[in-house]
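If you're matching positions, the sequence shown starts at 3 in the numbering used here and goes up one per residue.
We put the beta carbon where it would ideally sit given N, CA and C, even for glycine.
These numbers come from a predicted model, not from an experiment.
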Amino acid sequence: MTDSVTSETEVLIVGSGPTGLTTAIELRRHGVDCRLIEKEDSSVETSRALAIQPRTLQAFEDMGVLDEVLEEGVRVTDATAYDDDESLFHLDMDNVRPPSPYPFIWFLPQNHTEQILGHRLNELGGEIEFDRELVGFGQWDDRVAATVRHREDGKEQTEEITANWLIGSDGAHSHVRETLGLELEGVTTEQEVLVADAKADWKLPNTEASIWFHEEGVVAVLPMPGEDLWRLFIDVTPIPQAERPDATIDVLQRLLRERTIHRNVTLQDAPWTSNFVANQRMVSRYRSGRVFLAGDSAHIHNPLGGLGMNLGIQDAYNLGWKLALVCGGDASDALLDTYEEERKPIAKTVLDKTGASGSVLVTANPLVKTIRNTALPRVLRSSRIQARILRAMTQLDDTYRGSSLAAVHVDSPLAGLLNSTVEREVRDLLEDSWRAPKAGERVLDGSCRYLNGTETSLYDEIHEQTGFVLLLFAGDGTAEVDSMVHLAEELTDFGGLELHQYVVISDDERDVSESPVVSVLVDEDGQLHSQYDAHVPTLYLVRPDDYVGFRSQPPHAASLTAYLSNRLHVGDDDREVDLR
3 MTDSVTSETE
13 VLIVGSGPTG
23 LTTAIELRRH
33 GVDCRLIEKE
43 DSSVETSRAL
53 AIQPRTLQAF
63 EDMGVLDEVL
73 EEGVRVTDAT
83 AYDDDESLFH
93 LDMDNVRPPS
103 PYPFIWFLPQ
113 NHTEQILGHR
123 LNELGGEIEF
133 DRELVGFGQW
143 DDRVAATVRH
153 REDGKEQTEE
163 ITANWLIGSD
173 GAHSHVRETL
183 GLELEGVTTE
193 QEVLVADAKA
203 DWKLPNTEAS
213 IWFHEEGVVA
223 VLPMPGEDLW
233 RLFIDVTPIP
243 QAERPDATID
253 VLQRLLRERT
263 IHRNVTLQDA
273 PWTSNFVANQ
283 RMVSRYRSGR
293 VFLAGDSAHI
303 HNPLGGLGMN
313 LGIQDAYNLG
323 WKLALVCGGD
333 ASDALLDTYE
343 EERKPIAKTV
353 LDKTGASGSV
363 LVTANPLVKT
373 IRNTALPRVL
383 RSSRIQARIL
393 RAMTQLDDTY
403 RGSSLAAVHV
413 DSPLAGLLNS
423 TVEREVRDLL
433 EDSWRAPKAG
443 ERVLDGSCRY
453 LNGTETSLYD
463 EIHEQTGFVL
473 LLFAGDGTAE
483 VDSMVHLAEE
493 LTDFGGLELH
503 QYVVISDDER
513 DVSESPVVSV
523 LVDEDGQLHS
533 QYDAHVPTLY
543 LVRPDDYVGF
553 RSQPPHAASL
563 TAYLSNRLHV
573 GDDDREVDLR
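So, in structure tokens, the structure goes:
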């Protein structure tokens, strides 16, 4: 006999991988009640995804898990490609510009990452509810009703959960996606790779990825935490499909000896192995009414770039604060449409890049292999090209510049002289000339201090908050700081929005009145003013996910309030102000 109970929650999250855990953490950090259910009876015990990219490390700092993540794992800063014993090219993370506070890729097995995220969720009052399987759900204009099955005291029990929102982060075989009638659209490629964690007796650098281009298929070796433990990727695409081997320890060892300079390498153990056939697929929609898809539920791709887990975490990091604003009644649900608007193009770009790079790295085409082995090393000798490739590989060039949430106000001397189309084109050219973060780009870090001498940094201040951050740069001229402080004070309370104000000055010689709601930061060496192109008074609104939402030079309060109302759907200011 099946018992049945009923319950309610604000948000129901299905699937407790890194994407689901990040979603739950972000919602709870912003004060939203949620439940996280998982059909399995425990977390994963195998390594699976390994690479944590710099952009994700920034998110982890904000989420309060970075220190724990960096206590274990391996820091990888370089990659070298070989043809037998000849070095073809070398990639160095020091070439990334602008520099990241985390100029490395952190290698930590997914099961360890999930444990850390699970602990953080517990600290915030949440938990993973294991052995809870979603049977089905229906949605209406005002709610979602889900049926969940589990066993308790040896009896099967059904729970009817009513939620305002449901998030499917239940992986590539998502039941949530299937119930919505959505498919992962795309292709299954011919590329097949043997993947394994293995103990080997070679002496490779433990801060470097090593790649061998061989006529019978590429081999990539990545360091892992643990003594002599390595992640192996071995391309078997050139082998006829019917003859492709399984990833056994004997097969792995033989292929390593044949394709790398390590002719006598011995694999002592391979605790995890897999044959991976590359798929390049994504859904057509990320939202259907009150239901969202995130992570592998929405997109899957070639694992060679090490971006899959990161892409899902960034999905959750984008959706969490938006959903929290709507759940708190501080924004209309029109804001939630920007989740798909911003994240879907990023996923498409990743699929395109990993598909293209996978076709080059993992290829059976003799001509492509020849071009790869001869032209690629020459191209990658350019530090400029290296920087572009590294920024793409590490997600540091992911932007939301085309998003409706990215807007700018610039006072133009051409106003009224040219028609609006021409004037906007001139403004676009002006914005493109800025070296500073543009609306839709990530904020940059820099050192500063309080008036009392306490040292801090912009990231420390931004990550101290869970809401929006308003940065008012006084410029390096003669602008009155008090007027900037008063402007910030006027914007303290806007429709319930959590807004933290900072006035940044280039020196502490100017007279500054004390304010209980506005913090003054001193940019002593002018680094921040330079990075933000703020040599004249400039305003930045930073979103909770560290992206610039709005930029105004000079600060224009009416434009900011119009942005908050018309773009973020916060408050009820419907004035017409020219925003782009």
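Starting from residue i, trace the alpha helix (DSSP H) in both directions and tell me its first and last residue.
| i | result |
| --- | --- |
| Glu70 | Leu68 to Val71 |
| Met486 | Val483 to Glu492 |
| Val253 | Ile251 to Arg261 |
| Arg292 | Careful: Arg292 lies outside any alpha helix (DSSP H) and carries neither H nor E. |
| Glu47 | Here Glu47 belongs to no alpha helix (DSSP H), and DSSP marks it neither H nor E. |
| Ser18 | First-last for Ser18: undefined, no H or E at that position. |
| Arg37 | Unbroken run through Arg37 is the beta strand (DSSP E), Cys36 to Ile39; no alpha helix (DSSP H). |
| Arg57 | Pro56 to Met65 |
| Val328 | Gly310 to Cys329 |
| Asn568 | Ala559 to Asn568 |
Taking only the alpha-carbon atoms, compute the straight-line gap between residue i and residue j and give it to the nearest angstrom.
| i | j | result |
| --- | --- | --- |
| Leu123 | Arg151 | 23 Å |
| Asp133 | Thr268 | 40 Å |
| Thr21 | Tyr402 | 20 Å |
| Ile464 | Gly322 | 17 Å |
| Trp232 | Ser406 | 43 Å |
| Asn375 | Val381 | 11 Å |
| Ala612 | Arg77 | With the chain covering 3 to 582 only, the question about residue 612 has no answer from this structure. |
| Glu135 | Gly120 | 19 Å |
| Val579 | Gln533 | With a pLDDT of only 49 at Val579, under 50, the local geometry of the prediction cannot be trusted, and the value read off the model is given with reservation. The straight-line gap from Cα to Cα measures roughly 27 Å. |
| Leu602 | His488 | Because the chain in this structure spans residues 3 to 582, residue 602 falls outside the shown range and cannot be described. |
| Ile118 | Glu70 | 7 Å |
| Arg289 | Trp142 | 14 Å |
| His114 | Thr79 | 21 Å |
| Glu466 | Leu14 | 27 Å |
| Arg390 | Glu185 | 33 Å |
| Leu566 | Leu499 | 9 Å |
| Leu313 | Thr458 | 30 Å |
| Ser18 | Ile130 | 7 Å |
| Glu12 | Arg553 | 33 Å |
| Leu392 | Thr24 | 25 Å |
| Met95 | Arg153 | 49 Å |
| Pro557 | Ile27 | 34 Å |
| Asn277 | Val197 | 6 Å |
| Glu10 | Val146 | 10 Å |
| Glu73 | Glu492 | 43 Å |
| His264 | Asp248 | 21 Å |
| Asn421 | Val410 | Caution applies to Asn421, whose pLDDT of 48 falls short of 50 and renders its modelled position unreliable; the model cannot decide the point. |
| Asp298 | Glu482 | 51 Å |
| Asn208 | Leu93 | 15 Å |
Can a CB atom of chain C be found closer than 8 Å to the CB of residue i?
| i | result |
| --- | --- |
| Val550 | Note that chain C does not occur in the displayed structure, where there is just one protein chain. |
Since I believe residue j is in contact with residue i (beta carbons under 8 Å), could you give me their beta-carbon distance rounded to a whole number of angstroms?
| i | j | result |
| --- | --- | --- |
| Val189 | Leu206 | No, Val189 and Leu206 are not in contact; Cβ-Cβ is about 34 Å, not under 8 Å. |
| Asp398 | Thr356 | Inspection of the sequence shows that residue 398 is occupied by Leu rather than by Asp. That pair is no contact at about 16 Å. |
| Asp548 | Arg444 | 6 Å |
| Leu501 | Gly469 | 6 Å |
| Val1 | Val538 | Since the first residue shown for the chain is 3 and the last is 582, residue 1 is missing from the structure and cannot be characterised. |
| Gln503 | Met311 | 35 Å between Cβ atoms; not a contact. |
| Trp108 | Gly140 | About 41 Å separates the two Cβ atoms, so there is no contact after all. |
| Gly442 | Ala408 | 3 Å |
| Ser102 | Pro56 | 4 Å |
| Ile39 | Val16 | 6 Å |
Give the range of the beta strand (DSSP E) segment to which residue i is assigned.
| i | result |
| --- | --- |
| Arg451 | Ser449 to Tyr452 |
| Trp274 | Leu269 to Met284 |
| Val76 | Val76 to Val78 |
| His152 | Val146 to Glu154 |
| Leu90 | Glu88 to Asp94 |
| Leu474 | Phe470 to Phe475 |
| Cys458 | The sequence shown places Thr at residue 458, not Cys. Unbroken beta strand (DSSP E) run through Thr458: Glu457 to Ser459. |
Which parts of the stretch 106 to 138 are runs of the alpha helix (DSSP H), unbroken and 4 residues or longer, counting only runs that do not cross its ends?
112 to 125
Give, in chain order, every unbroken run of the alpha helix (DSSP H) that is at least 4 residues long and sits entirely within the stretch 350 to 409.
368 to 381 and 385 to 395
Determine, using beta-carbon pairs with one atom in the stretch 522 to 541 and one in the stretch 440 to 453, whether at least three such pairs fall under 8 Å.
yes
Okay, do the stretch 326 to 334 and the stretch 179 to 189 touch, 3+ Cβ pairs below 8 Å being the bar?
With a cut-off of 8 Å, the stretch 179 to 189 and the stretch 326 to 334 do not count as touching, because too few Cβ pairs lie within range.
Do the stretch 234 to 248 and the stretch 200 to 219 make contact, defined as three or more Cβ pairs closer than 8 Å?
yes
Whether or not the stretch 155 to 168 and the stretch 275 to 294 are in contact is what I'm after, with contact meaning three or more pairs of Cβ atoms, one per stretch, closer than 8 Å; do they touch?
With a cut-off of 8 Å, the stretch 155 to 168 and the stretch 275 to 294 count as touching, because enough Cβ pairs lie within range.
Using a Cβ distance threshold of 8 Å, determine whether the stretch 28 to 45 contacts the stretch 283 to 290, with at least three qualifying pairs required.
Fewer than three Cβ pairs drawn from the stretch 28 to 45 and the stretch 283 to 290 lie within less than 8 Å of each other, which leaves the two stretches out of contact.
Which runs of the beta strand (DSSP E) fall wholly inside the stretch 171 to 253 and span at least 3 residues, in chain order?
187 to 202, 210 to 214, 221 to 225 and 231 to 237
Quick one: complete beta strand (DSSP E) runs, 3+ long, within the stretch 488 to 553?
501 to 507, 520 to 524 and 540 to 544
Specify whether the stretch 334 to 351 and the stretch 53 to 64 touch according to this definition: at least 3 beta carbon pairs, one from each stretch, less than 8 Å apart.
no
Count the CB pairs spanning the stretch 88 to 103 and the stretch 38 to 48 that are closer than 8 Å, and state whether there are at least three.
no
Validate contact between the stretch 191 to 201 and the stretch 307 to 322 using beta carbons, cut 8 Å, 3 pairs:
no
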